[in-house]
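In what follows, a structure is listed as structure tokens, so that the remarks can point back to it.
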Amino acid sequence: MEAMAAGNARERDAPGLWRAMEARLEVYLRSFRALSPEDREDALSKIRHAFLSAAPEGEEAARAWAYRVARNAAIDATRALKREAARRLDPRRDPDEAIAAASSPQPGPEGLALREAERVFVRRFLATLADRDRELLHLAYAEDLAYPRIAELLALPLGTVKWRIAGLKRALERRHRREIG
């Protein structure tokens, strides 16, 4: 009887825990640059299904498990994209078919417009930040410095650098959702 009650409690808790984690997992999947929004959405759907049916008990264990499943789903999707790209470039294919399947490395007008809109959005976001926050982001992304090196340069604890940059990423994400969708 107790095992059945524990199973029922877990079933009730899993959807609530999933709702609390879904946005974080979505942001995590964005770190896999090869994945398109559709690929990330597919991966998130697979993760949701797996989480609701097989996540371990306990919030901490379920979170760790969900991130591991997310990472594996992203890696699987990335590998599938690489296989598809290799298939398209296979020299044994019909040359006419290969030429038709190859996409131009240059973005079209819509792609250019979207890139410019993203640039404007990021510039406006950066303009609203304090100097110390812009400096952190510049060192991390424009200069491509590792967090320990940034901490050393700015004489800050490593945890503070990580915490501030993570907070800035979350702020950017929230603003992007509000303004762009």
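Everything in the sequence shown is counted per the working numbering, starting at 225 for the first residue and increasing by one.
Here a beta-carbon is modelled for each residue, glycine too, at the ideal position from N, C-alpha and C.
Review point. Is the beta carbon of L241 less than 8 Å from the beta carbon of E283?
Key: yes
Review point. P372 lies in the alpha helix (DSSP H); which residues open and close that run?
Key: 371 to 378
Check your understanding: Just checking, does the region 242 to 251 make contact with the region 260 to 271 on the three C-beta pairs under 8 Å criterion?
Key -> yes
Exercise for review: Please report the residue range of the alpha helix (DSSP H) in which E367 lies.
Suggested key: It is not in any alpha helix (DSSP H) - E367 carries neither H nor E in the DSSP assignment.
Practice item. Using only alpha-carbon positions, find the residue among G405, A244, P239 that is nearest to L338. Key: G405
Point to revise | C-alpha gap between T352 and A244, whole angstroms | key: 28 Å
**Study point:** Within 8 Å, strictly: CB atoms of L360 and R388
**Key:** yes
Review point. Just how far apart, CA to CA, sit E334 and F256?
Key: 23 Å
Check your understanding: Closest to L377 by CA distance: which of L363, G383, K386 is it?
Key -> L363
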